[in-house]
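A.B. asks: Sharing a structure with you now.
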């Protein structure tokens with residue numbers, strides 16, 4: 073059975089919609105605080121300031137999903153056509169991304185709980201693992217990938233470049249068992265690392 | 073009155089948005105569990121594990137809608153233009169797809185209840201029936217369908233190919249009256265069957 | 073100040089997303105019924121059947137919004153470029169469409185209440201009035217509209233064709249004061265009338 | 073490291089979806105009122121009229137987000153390609169826009185509270201500041217911006233044109249300390265000003 077190639081347009085549009093819904097719903101959870109005197113600006117300020125941790129968790133989630141979206145944008149930018157394996161891997165990726173608000177909520181409520189940290193880190197690990205598997209699968213296929221990005225044969229150094237992001241999340245999880253703070257260093261620095269332009273290129 | 077042909081672009085974009093919203097909302101239902109000691113990783117793990125059935129139901133729904141989306145992607149991929157009948161059938165299809173989370177929730181709560189099984193299987197039957205009717209209607213029209221997919225005349229074997237998916241859902245429902253487990257064999261295997269590339273082709 | 077013309081692509085994509093979200097959220101309101109014996113298929117069937125009115129209201133809303141979407145699709149199909157007036161009128165149209173679930177919910181709860189009927193009919197009147205105003209504004213502008221649809225000068229018969237849909241909703245509201253049932257004849261027949269292909273054409 | 077340029081299509085589609093979701097969810101908050109006699113049209117009218125303030129707040133939010141969307145539409149219309157800095161600034165912009173329903177809800181509940189006014193005005197200030205920074209960054213880059221819009225060197229008058237919108241929001245906040253009503257003059261007039269076509273052009 074010959075491989076059937078499809079245009080990538082709907083895959084991108086569909087993924088964009090999923091990312092957009094996730095990012096919008098994050099911020100909609102905030103509720104107006106109750107104050108006794110409606111014109112007392114000081115007590116309203118105090119109440120608003122008290123939900124600052126919620127703003128922070130929301131912002132971190134928003135930024136993490138943004139970074140995954142930017143990676144998705146970059147990654148599919150040099151695709152010409154896609155096939156069913158890529159379509160399938162992308163659905164698995166989106167399944168993990170739509171799951172992300174849940175670990176984020178859990179880690180927001182129990183920030184120093186090891187289970188919460190492993191759940192969050194494990195989801196991020198899984199997301200970047202799928203990206204790596206997609207590259208491993210697609211970067212040899214000249215019908216799918218633009219000529220500049222084609223990799224004829226993967227060398228050891230390519231495998232390292234390919235799997236560096238998921239492995240860094242695994243290392244972050246391992247270090248978190250020493251102290252939970254190590255986890256947060258990883259969870260904040262790794263999105264910064266993953267947003268570097270050109271990082272998804274192998275050669 | 074001559075048939076008016078339209079570009080398919082908005083039909084695809086609109087359908088993608090409907091699928092994306094459905095798939096995103098499925099996972100957002102999960103809530104953070106309550107534990108007494110916020111740093112007790114063992115009791116958090118236990119609580120999280122106890123919602124595993126909910127994860128499973130969510131995953132099955134996510135996968136089923138994904139498979140319908142992939143079928144939709146493949147089906148409209150070889151359209152050149154659409155007309156109002158296709159526009160109308162697609163709206164009916166989306167109505168059934170947006171309904172799907174409801175039977176999924178019912179079957180999730182009452183997994184061995186025959187009514188729940190018939191409701192779920194009947195919705196899936198209806199969705200694939202609409203796909204079949206669309207093919208029956210469109211595959212003769214050279215203005216709508218790419219030349220490779222045009223069918224001049226439907227033979228008996230074509231009708232079988234055309235209606236195999238909805239009929240398999242009917243058979244699944246029939247067998248479920250012998251034992252509910254037969255239903256699940258069908259509900260899990262049929263999406264796998266329906267995701268096979270090239271299956272939507274008649275000749 | 074010269075008119076600035078823009079491509080219509082984002083207007084269409086944005087409108088599609090608004091329609092898609094509205095149609096998806098309609099069906100998500102249904103909740104799993106509670107039954108005492110989880111395997112009692114008869115009592116589950118009874119409970120499901122008792123929410124049939126809710127299905128009907130949901131289906132009518134879904135169909136009404138679909139018809140407006142199909143009109144939107146047809147209308148913008150023969151645009152080449154848009155300008156800021158069209159952009160603004162489209163935002164007003166979407167504001168009315170996003171409001172539609174509210175009159176639908178009210179009329180669902182109080183089907184024979186004259187206020188509910190006027191609220192629902194008035195919203196539909198307003199939506200089709202905006203369509204008519206858009207046509208009146210755009211159909212003379214050869215930079216915006218495809219040549220086939222250009223109207224050099226509007227005659228009396230064109231004005232009738234242009235404003236027939238909003239006027240029919242006004243008439244429906246007027247007749248509803250004789251008996252509420254007349255309103256439903258209009259609310260069900262007018263979408264059928266509005267979905268006729270080629271209806272949006274003036275010449 | 074050379075700058076990597078990307079097509080703007082997904083940035084636009086993604087932003088459209090975020091705007092569409094925000095605008096749709098605003099109106100979905102309205103609930104059917106409870107009345108004792110289901111056919112009493114007078115008491116239903118009274119109950120519906122009593123939620124008029126909620127309609128107004130919803131409409132103002134809807135219009136404000138629409139104006140930001142129209143600005144976004146105009147702004148990216150004369151982009152040819154984008155780079156990672158624009159991608160990043162756009163994500164920050166969307167973060168602020170998705171936050172907007174929250175200040176709107178707070179100002180809706182406490183319309184004369186200075187804290188609510190500063191929160192709302194500050195968010196709008198921040199949104200238009202990001203637009204200005206994007207222009208400052210992009211308008212010199214001939215690979216990104218269409219030739220007509222290229223600015224070789226920014227003069228004092230250009231800086232004024234560039235930062236007029238955020239500065240007007242700052243002035244509105246300042247005047248609101250004299251009397252809260254001044255804030256509303258600004259919050260209603262500034263969207264009107266910002267929707268003027270061609271306003272985003274510097275030369």
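Chains as they are written, first to last, in the numbering used here: chain W, 73 to 275; chain C, 73 to 275; chain Y, 73 to 275; chain A, 73 to 275.
For every residue, glycine included, the Cβ atom is placed at its ideal position computed from N, Cα and C.
For clarity, every value in this text was computed on a predicted model and none was experimentally measured.
May I ask which residues mark the beginning and end of the alpha helix (DSSP H) holding residue 150 of chain W?
C.D. replies: Where residue 150 of chain W is concerned, there is no enclosing alpha helix (DSSP H), given that its DSSP letter is neither H nor E.
A.B. asks: Suppose only complete runs of 4+ residues qualify. What are the alpha helix (DSSP H) ranges in the stretch 122-201 of chain Y, listed by chain order?
C.D. replies: 124-149, 156-171 and 173-181
A.B. asks: To be precise: take each residue of the stretch 164-175 of chain W, compare its Cβ to all Cβ atoms of chain C, and keep it if any distance is under 8 Å. Which residues remain?
C.D. replies: Within the stretch 164-175 of chain W, the qualifying residues are 166, 167, 170, 171, 173 and 174.
A.B. asks: If the cut is a Cβ gap below 9 Å, which residues of chain W does residue 142 of chain C touch?
C.D. replies: 156, 159, 160 and 163
A.B. asks: Listing by chain order, which chain W residues have their CB less than 7 Å from the CB of residue 186 of chain A?
C.D. replies: 113
A.B. asks: Mind checking who residue 117 of chain C pairs with in its DSSP beta bridge?
C.D. replies: Residue 117 of chain C is bridged by DSSP to nothing; it lacks a bridge partner.
A.B. asks: In chain order, which alpha helix (DSSP H) runs of at least 4 residues are fully inside the stretch 223-269 of chain C?
C.D. replies: Complete alpha helix (DSSP H) runs here, min 4: 228-248 and 252-266.
A.B. asks: If we ignore side chains and look at the alpha-carbon of each, how far apart do residue 236 of chain W and residue 154 of chain W end up?
C.D. replies: Approximately 24 Å between the Cα atoms of the pair.
A.B. asks: What's the gap between the Cα of residue 156 of chain A and the Cα of residue 135 of chain C?
C.D. replies: Counting only the Cα atoms, residue 135 of chain C lies some 33 Å from residue 156 of chain A.
A.B. asks: Answer with yes or no whether the minimum CB distance from residue 145 of chain W to chain A is below 7 Å.
C.D. replies: yes
A.B. asks: Is the beta carbon of residue 206 of chain A less than 7 Å from the beta carbon of residue 242 of chain A?
C.D. replies: no
A.B. asks: Run down chain W in chain order and give the residues with a C-beta less than 7 Å from the C-beta of residue 138 of chain C.
C.D. replies: 163
A.B. asks: Rounded to whole angstroms, what is the Cα-Cα separation between residue 158 of chain W and residue 90 of chain W?
C.D. replies: 17 Å
A.B. asks: Apart from the five residues on each side of it in sequence, which residues of its chain come closer than 8 Å, Cβ to Cβ, to residue 218 of chain A?
C.D. replies: 150, 151 and 152
A.B. asks: For residue 88 of chain C, count neighbouring Cβ atoms within 10 angstroms of its own Cβ and tell me buried if that reaches 16, exposed if not.
C.D. replies: Residue 88 of chain C is buried by the Cβ-count criterion.
A.B. asks: Please confirm whether residue 76 of chain A has its beta-carbon closer than 7 Å to some beta-carbon of chain W.
C.D. replies: yes
A.B. asks: Straight-line CA distance for residue 171 of chain C to residue 233 of chain A?
C.D. replies: 51 Å
A.B. asks: Taking CB distances under 7 Å as the criterion, tell me whether residue 259 of chain C reaches chain D.
C.D. replies: Within the model displayed, chain D is absent; protein chains W, C, Y and A are what it includes.
A.B. asks: In chain W, what lies closer than 8 Å to residue 219 of chain C by C-beta?
C.D. replies: Neighbours of residue 219 of chain C on chain W: none; closest Cβ ~16 Å, over 8 Å.
A.B. asks: So with Cβ pairs under 7 Å, would you call residue 118 of chain C a contact of chain W?
C.D. replies: no
A.B. asks: Alpha carbon to alpha carbon, how far is residue 189 of chain A from residue 204 of chain A? Give it in angstroms, no decimals.
C.D. replies: 22 Å
A.B. asks: Consider the Cβ of residue 86 of chain C: report whether some Cβ of chain Y lies at a distance smaller than 7 Å.
C.D. replies: yes
A.B. asks: By alpha-carbon positions, which one of C:148, C:198, C:178 and C:137 ends up nearest to residue 164 of chain C?
C.D. replies: C:198
A.B. asks: Just the chain C side, please: which residues come within less than 8 Å of residue 90 of chain W by C-beta, in chain order?
C.D. replies: 92, 95 and 96
A.B. asks: Could you check whether residue 187 of chain Y and residue 106 of chain A sit closer than 7 Å to each other, using their CB atoms as the reference points?
C.D. replies: Cβ distance not < 7 Å, so residue 106 of chain A and residue 187 of chain Y don't count as in contact.
A.B. asks: Can you round the beta-carbon distance between residue 245 of chain A and residue 194 of chain A to whole angstroms, since I take them to be within the 8 Å contact cut?
C.D. replies: 7 Å
A.B. asks: Give me whichever residues DSSP pairs with residue 78 of chain Y in a beta bridge.
C.D. replies: DSSP lists Y:154 as partners of residue 78 of chain Y.
A.B. asks: Are the C-beta of residue 181 of chain W and some C-beta of chain C separated by less than 7 Å?
C.D. replies: Yes, contact with chain C.
A.B. asks: For a cutoff of 7 Å on Cβ pairs, would you count residue 177 of chain Y as touching chain A?
C.D. replies: Output row for residue 177 of chain Y: interface = yes.
A.B. asks: Among residues of its own chain, excluding the 5 on either side of residue 192 of chain A, which ones have a beta-carbon nearer than 6 Å to its beta-carbon?
C.D. replies: 175 and 179
A.B. asks: Please report how far the alpha carbon of residue 254 of chain A lies from the alpha carbon of residue 104 of chain W, in whole angstroms.
C.D. replies: Straight-line spacing of the CA atoms in residue 254 of chain A and residue 104 of chain W works out to 23 Å.
A.B. asks: Just mark residue 144 of chain A as buried or exposed, buried being the case when its beta carbon has 16 or more other beta carbons within 10 Å.
C.D. replies: The residue is buried, with at least 16 neighbouring Cβ atoms inside 10 Å.
A.B. asks: Run down chain C in chain order and give the residues with a C-beta less than 8 Å from the C-beta of residue 195 of chain Y.
C.D. replies: Here the premise fails: no neighbours, minimum Cβ distance about 20 Å.
A.B. asks: What does DSSP give as the partner residue(s) for residue 217 of chain W in the beta ladder?
C.D. replies: W:151
A.B. asks: Should residue 104 of chain Y be flagged as near chain C, meaning a C-beta pair shorter than 7 Å?
C.D. replies: yes
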